[in-house]
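Step one of this worksheet: look at the structure below.
Protein chains: 2
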Amino acid sequence: MGSHNESVTDFTTFNHAWMRSIKGFLLDITGVLYNSSGNGGSAITGSVDAVNRLYAESQVRFVSNESTSTRAKLAEKLQRLGFTLDLQHIFTPAPVAASYVKSHHLKPHLLVHKGILPEFDGCNDSEPKDCVVVGDAEEEFTYANMNTAFRVLMNSTNPLLISLGCGRFYQRVDGPTLDVGGYAMALKYATNAEHVVVGKPNKEYFMHAIEDMNLTKDQVVMIGDDIISDVSAAQEHGIRGVQVRTGKWRPEWETHPDVKPDLIADNLNTALNIILGHR
Amino acid sequence: MGSHNESVTDFTTFNHAWMRSIKGFLLDITGVLYNSSGNGGSAITGSVDAVNRLYAESQVRFVSNESTSTRAKLAEKLQRLGFTLDLQHIFTPAPVAASYVKSHHLKPHLLVHKGILPEFDGCNDSEPKDCVVVGDAEEEFTYANMNTAFRVLMNSTNPLLISLGCGRFYQRVDGPTLDVGGYAMALKYATNAEHVVVGKPNKEYFMHAIEDMNLTKDQVVMIGDDIISDVSAAQEHGIRGVQVRTGKWRPEWETHPDVKPDLIADNLNTALNIILGHR
Numbered sequence: 077m078g079s080h081n082e083s084v085t086d087f088t089t090f091n092h093a094w095m096r097s098i099k100g101f102l103l104d105i106t107g108v109l110y111n112s113s114g115n116g117g118s119a120i121t122g123s124v125d126a127v128n129r130l131y132a133e134s135q136v137r138f139v140s141n142e143s144t145s146t147r148a149k150l151a152e153k154l155q156r157l158g159f160t161l162d163l164q165h166i167f168t169p170a171p172v173a174a175s176y177v178k179s180h181h182l183k184p185h186l187l188v189h190k191g192i193l194p195e196f197d198g199c200n201d202s203e204p205k206d207c208v209v210v211g212d213a214e215e216e217f218t219y220a221n222m223n224t225a226f227r228v229l230m231n232s233t234n235p236l237l238i239s240l241g242c243g244r245f246y247q248r249v250d251g252p253t254l255d256v257g258g259y260a261m262a263l264k265y266a267t268n269a270e271h272v273v274v275g276k277p278n279k280e281y282f283m284h285a286i287e288d289m290n291l292t293k294d295q296v297v298m299i300g301d302d303i304i305s306d307v308s309a310a311q312e313h314g315i316r317g318v319q320v321r322t323g324k325w326r327p328e329w330e331t332h333p334d335v336k337p338d339l340i341a342d343n344l345n346t347a348l349n350i351i352l353g354h355r
Numbered sequence: 077m078g079s080h081n082e083s084v085t086d087f088t089t090f091n092h093a094w095m096r097s098i099k100g101f102l103l104d105i106t107g108v109l110y111n112s113s114g115n116g117g118s119a120i121t122g123s124v125d126a127v128n129r130l131y132a133e134s135q136v137r138f139v140s141n142e143s144t145s146t147r148a149k150l151a152e153k154l155q156r157l158g159f160t161l162d163l164q165h166i167f168t169p170a171p172v173a174a175s176y177v178k179s180h181h182l183k184p185h186l187l188v189h190k191g192i193l194p195e196f197d198g199c200n201d202s203e204p205k206d207c208v209v210v211g212d213a214e215e216e217f218t219y220a221n222m223n224t225a226f227r228v229l230m231n232s233t234n235p236l237l238i239s240l241g242c243g244r245f246y247q248r249v250d251g252p253t254l255d256v257g258g259y260a261m262a263l264k265y266a267t268n269a270e271h272v273v274v275g276k277p278n279k280e281y282f283m284h285a286i287e288d289m290n291l292t293k294d295q296v297v298m299i300g301d302d303i304i305s306d307v308s309a310a311q312e313h314g315i316r317g318v319q320v321r322t323g324k325w326r327p328e329w330e331t332h333p334d335v336k337p338d339l340i341a342d343n344l345n346t347a348l349n350i351i352l353g354h355r
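Chains as they are written, first to last, in this note's numbering: chain A, 77 to 355; chain B, 77 to 355.
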């Protein structure tokens, strides 16, 4: 644990000037606000108070790659876990992907969790399909369903694969669990399909949330549990990235060869105490 | 169809000198000898006679990435389909992977088809597992089984993933079907595991079969239906590679940007007529 404390000390002692200009917060949801599980999950200690504090003292948007429930259901779930937040402040990939599909006049085959099917209401569902949308389909990632998606791509002249984020894994109460990214990579490897990621780490996705607060990217910080999708992705677009030691966080990331977070904190609440304390 | 005939003409007219030195044949099995399906599959027209001719006039080894049945069961299946061949001439990845696992004192978690479990008899099956062997597990590629394999890798200090070949897809009677490669890529993407491919396209795998005929690589030709695993892989190791238009063959491969087969023929029998006709 010594090295963890050391990390925090390094960051807070030597590099906190940026914290003074922070006017808005981008928060990942799963692994930062709560840990998921089959029966709803549980809030991470201190996160409910942290969100209340952000609404009182700053601005906040929730930037998630969640693709197992609609935005509305996700808001309900968070409210059940004790969070007070505005549905309009939650950003998930499915509604963005549905807009993309409609504006490009595509006929998507959906390999997604049943829970987000309503987000695709109004998409063209006639045959033949000309693209595949893949989300974290969980139990729907069967051998048969993967083959069906594969064949849609194989039958397309210009195969297009749209994934709702491209996460490697996430933390469930019962352990780390494969996310959509691996399944997207499987389909891409087998078909050489063009691959469009809707969600983190795409710049447009972050910018949409930042502009919704009427802020610029140097005025916000992204706080997440994923060193790649959250921290590195934000930093690559010029946004400060904070790693919390909750959710899928792993000790070896603290010496990651390529990614150095702007702050590492034990959890969301601690991160806020440090950042808001420097304003 | 005009362009197909043209391709054959090009190759046979302008570049057949190499055929005179061929003393041995490496044949892929699935898609060259037979097409697979749930109920055993069917021999490809002319292939039974072609194998008989090779045994009478040349030498032959069967170099397969088959990972759904043991070598013995595969030989039985081929015999049922009418083929006359020697079990010892069939090369499949599972026995090679089992030797690798044993010689490296590994404790493998097996995500493989039930049909090849006997090949791993004698491997250390105690806990904790320290590597994953993934083959074409077919219906065993469930969400739960993928997560179990993923967690074995996540719990390893130096995660090692051994795949039985790394095929993109293969042709079943009911259509093209995802092969082991995509699933291996999914696990690799999610874990950054070291990835060892046992089978084609690995050079050692080809060389083992060539040396078994007491030949050198310039004296043999690989005939397969996969432009990458068979044709390109052989050519990269200095072995002639022939594409047949059976199995998973696709028309667009005839103008593949990177791979130019040494011959393209409608099927195995036609390929032999051309090659043996030039000796």
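Ideal Cβ placement from N, Cα and C applies to all residues, glycine included.
Mind listing the chain B neighbours of Leu263/A? Cutoff is C-beta to C-beta under 7 Å, in chain order. The residue labelled residue 263/A in the question sits at position 187 within the first sequence. What Leu263/A touches in chain B: Gly258.
Does the CB of Pro252/A have a neighbour CB from chain B at under 9 Å? Walking along the first sequence from the start, residue 252/A turns up at place 176. So, interface residue.
Cutoff 7 Å; reference Ile357/B; Cβ partners in own chain excluding five residues on either side: Here chain B covers residues 77 to 355 and nothing more, so residue 357/B does not appear.
Report yes or no: is there a C-beta of chain A within less than 9 Å of the C-beta of Phe245/B? By one-based count along the second sequence, residue 245/B stands at place 169. Yes, Phe245/B lies at the interface with chain A (some Cβ there is under 9 Å from its Cβ).
Tell me whether Arg355/A sits in a helix, a strand or coil according to DSSP, three-state version. On the first sequence, position 279 is the one that residue 355/A refers to. Here Arg355/A sits in coil by DSSP.
In terms of alpha-carbon separation, which member of Ile299/A, Gly323/A, Arg316/A, Arg137/A lies closest to Leu348/A? The residue you call residue 348/A lines up with position 272 of the first sequence. Closest by C-alpha distance to Leu348/A, out of Ile299/A, Gly323/A, Arg316/A, Arg137/A, is Ile299/A.
Please determine, among Ser179/A, Tyr110/A, Ala269/A, the residue with the shortest C-alpha to C-alpha distance to Val127/A. Translated into the one-based positions of the first sequence, residue 127/A becomes position 51. Out of Ser179/A, Tyr110/A, Ala269/A, Tyr110/A has the C-alpha closest to the C-alpha of Val127/A.
Can you pull the chain A residues whose beta carbon is under 8 Å from the beta carbon of Phe138/B, in chain order? Counting from one through the second sequence, the residue named residue 138/B turns up at place 62. Result: empty, since nearest Cβ-Cβ is about 24 Å, beyond 8 Å.
Going by beta carbon distance, what residues of the same chain come within less than 7 Å of Ala260/A, once the five residues before and after it are set aside? Here residue 260/A refers to the residue found at position 184 of the first sequence. These residues qualify, in order along the chain: Val210, Leu237, Ser239, Cys242, His271.
Please list the residues of the region 215-232 of chain B that have a C-beta atom closer than 7 Å to any C-beta atom in chain A, keeping them in chain order. Glu215, Phe217, Thr218, Tyr219, Met222, Asn223, Phe226, Arg227, Met230
Quick one: Cα of Asp212/A to Cα of Ala285/B, how far? For the purposes of this step, residue 212/A is taken as residue 136 along the first sequence, with counting starting at 1. For the purposes of this step, residue 285/B is taken as residue 209 along the second sequence, with counting starting at 1. Distance between the alpha carbons of Asp212/A and Ala285/B: 42 Å.
Where in the region 172-206 of chain A do unbroken runs of the beta strand (DSSP E), each at least 3 residues long, occur, reported from the N-terminal end onward? The beta strand (DSSP E) runs of length 3 or more contained entirely in the region 172-206 of chain A are, from start to end of the chain, 184-187.
Does DSSP put Met289/A in a helix, a strand or coil? By one-based count along the first sequence, residue 289/A stands at place 213. Here Met289/A sits in coil by DSSP.
Measuring CA to CA, which of Val108/B, Pro277/B, Ile340/B is closest to Pro169/B? Within the second sequence, numbered from 1, the residue matching residue 169/B stands at position 93. Closest option to Pro169/B, Cα to Cα, is Pro277/B.
Taking the alpha-carbon of Leu229/A as reference, which of Pro252/B, Glu216/B, Ala132/B has the nearest alpha-carbon? Residue 229/A sits at position 153 when you count from the first residue of the first sequence. It is Pro252/B.
Note down the Cα distance separating Arg321/B from Asn343/B, rounded to an integer number of angstroms. Position 245 of the second sequence holds residue 321/B. Position 267 of the second sequence holds residue 343/B. Their Cα atoms are separated by approximately 6 Å.
Ignore the nearest five residues each way along the sequence and tell me which others in Gly117/B's own chain have a CB closer than 6 Å to its CB. Position 41 of the second sequence, counted from the start, is the residue given in the question as residue 117/B. For Gly117/B, where only same-chain residues beyond five positions count, the Cβ hits under 6 Å are Tyr110, Asn111.
Just confirm the distance between the C-beta atoms of Leu182/B and Asp206/B, as a whole number of angstroms; I'd bet it's less than 8 Å. What you label residue 182/B is simply residue 106 of the second sequence in a count that begins at 1. What you label residue 206/B is simply residue 130 of the second sequence in a count that begins at 1. That belief holds up - the Cβ atoms of Leu182/B and Asp206/B are roughly 6 Å apart, short of 8 Å.
Is the region 213-221 of chain B close to the region 305-316 of chain B, with three or more CB pairs under 8 Å? no
Candidates Cys199/B, Met289/B, Ile192/B: closest to Ser179/B by CA position: If you number the second sequence from 1, residue 179/B lands on position 103. It is Cys199/B.
At which residues does the alpha helix (DSSP H) containing Leu229/B begin and terminate? For the purposes of this step, residue 229/B is identified with residue 153 of the second sequence, where counting begins at 1. 219-230 is the span of the alpha helix (DSSP H), which, as asked, contains Leu229/B.
For Ala309/A, decide whether its Cβ has a neighbour in chain B, counting only Cβ atoms nearer than 9 Å. For the purposes of this step, residue 309/A is identified with residue 233 of the first sequence, where counting begins at 1. No, Ala309/A does not count as interfacial toward chain B.
Among His165/B, Ala309/B, Glu287/B, Ser113/B, the one whose alpha carbon lies nearest that of Arg137/B: Residue mapping note: residue 137/B aligns to position 61 of the second sequence, counting from 1. It is His165/B.
Against chain B, with Cβ distances strictly below 9 Å, would Asp255/A count as a contact? On the first sequence, position 179 is the one that residue 255/A refers to. At least one CB atom of chain B sits nearer than 9 Å to the CB of Asp255/A.
Less than 7 Å between C-beta atoms, sequence neighbours within five positions excluded: which residues of the same chain meet that for Ala266/A? Locating residue 266/A in the first sequence gives position 190, counting from the first residue. Here the set comprises Phe226.
Is Thr360/B close to chain A? Criterion is C-beta to C-beta, closer than 9 Å. The requested residue 360/B does not occur in the structure, where chain B is confined to residues 77 to 355.
Chain B within 9 Å of Thr267/A, Cβ atoms only: As a first step, residue 267/A is located in the first sequence; it is residue number 191 there, counting from the start. Chain B, which has a Cβ nearer than 9 Å to the Cβ of Thr267/A, makes this yes.
Taking just the CA atoms, how far does Gln155/B sit from Val249/B? Taking the second sequence and counting its residues from 1, the one referred to as residue 249/B is at position 173. Taking the second sequence and counting its residues from 1, the one referred to as residue 155/B is at position 79. Val249/B and Gln155/B: Cα-Cα distance of roughly 19 Å.
Based on the DSSP secondary-structure assignment, which residues constitute the bridge partners of Gly30/B? Residue 30/B is absent from the model: chain B starts at 77 and stops at 355.
Would Leu291/A count as contacting chain B if we go by Cβ distances under 9 Å? If you number the first sequence from 1, residue 291/A lands on position 215. Chain B contact via Cβ: absent.
Does DSSP put Asn111/B in a helix, a strand or coil? Stepping through the second sequence from its first residue, residue 111/B is reached at position 35. It is a strand residue.
Tell me whether Asn345/B is buried or exposed, calling it buried when 16 or more other Cβ atoms sit within 10 Å of its Cβ. Stepping through the second sequence from its first residue, residue 345/B is reached at position 269. Flag for Asn345/B reads buried.
Going by DSSP, what residue range makes up the beta strand (DSSP E) through Thr253/B? Position 177 of the second sequence holds residue 253/B. Its beta strand (DSSP E) spans residues 251-254.
Indicate the three-state DSSP secondary structure (helix, strand or coil) for Ser79/A in the structure shown. Residue numbering aside, residue 79/A sits at position 3 when the first sequence is read from its first letter. Caution is warranted here: a pLDDT of 40 is assigned to Ser79/A, below 50, making its placement in the model unreliable, and the coordinate value is therefore given only provisionally. Ser79/A sits in a helix when the DSSP states are folded into three classes.
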